[in-house]
Amino acid sequence: MAELVIDIDDEILEEVNEVCQDKGNSIDDLINIFLKEIVRDGKLPDEILENLFYSDKNIEYLERKYREYKEGKLKFINHK
Numbered sequence: 109m110a111e112l113v114i115d116i117d118d119e120i121l122e123e124v125n126e127v128c129q130d131k132g133n134s135i136d137d138l139i140n141i142f143l144k145e146i147v148r149d150g151k152l153p154d155e156i157l158e159n160l161f162y163s164d165k166n167i168e169y170l171e172r173k174y175r176e177y178k179e180g181k182l183k184f185i186n187h188k
């Protein structure tokens with residue numbers, strides 16, 4: 109079995125550990141479940157993909173806004 113070493117914010121780790129303990133699992137169990145889901149589905153879970161800056165949906169949005177900018181349809185407001 110491989111070993112994974114990652115840096116996690118202390119507060120996040122504590123909160124995740126509490127959630128896992130409440131459910132009778134360990135963080136190792138949680139990570140293994142997550143990784144197995146990725147392998148099974150062949151992709152990251154949709155909930156994560158929806159939040160990624162470089163998701164297809166966001167790229168389409170950025171490209172549309174860039175076209176609007178090039179066409180002079182996008183107005184910029186200076187926030188001071």
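Counting in my numbering, the sequence shown runs from 109 upward without gaps.
Where a beta carbon is used, it is the ideal one built from N, C-alpha and C, also for glycine.
- [ ] For the alpha helix (DSSP H) holding residue 149, just list the boundary residues, first then last.
- [x] 135 to 149
TODO: Measure the alpha-carbon distance for residue 136 versus residue 166 and round it to whole angstroms.
DONE: 32 Å
- [ ] Report the option in 112, 172, 178 whose CA atom is closest to the CA atom of residue 140.
- [x] 112
TODO: Leaving out five residues on either side along the sequence, give the residues of the same chain with a beta carbon under 8 Å from the beta carbon of residue 128.
DONE: 134, 135, 137, 138
Open item on the list: So, at 8 Å on beta carbons, what are the nonlocal neighbours of residue 125 in its own chain, with the 5 sequence-adjacent residues on each side left out?
Closed with: 135
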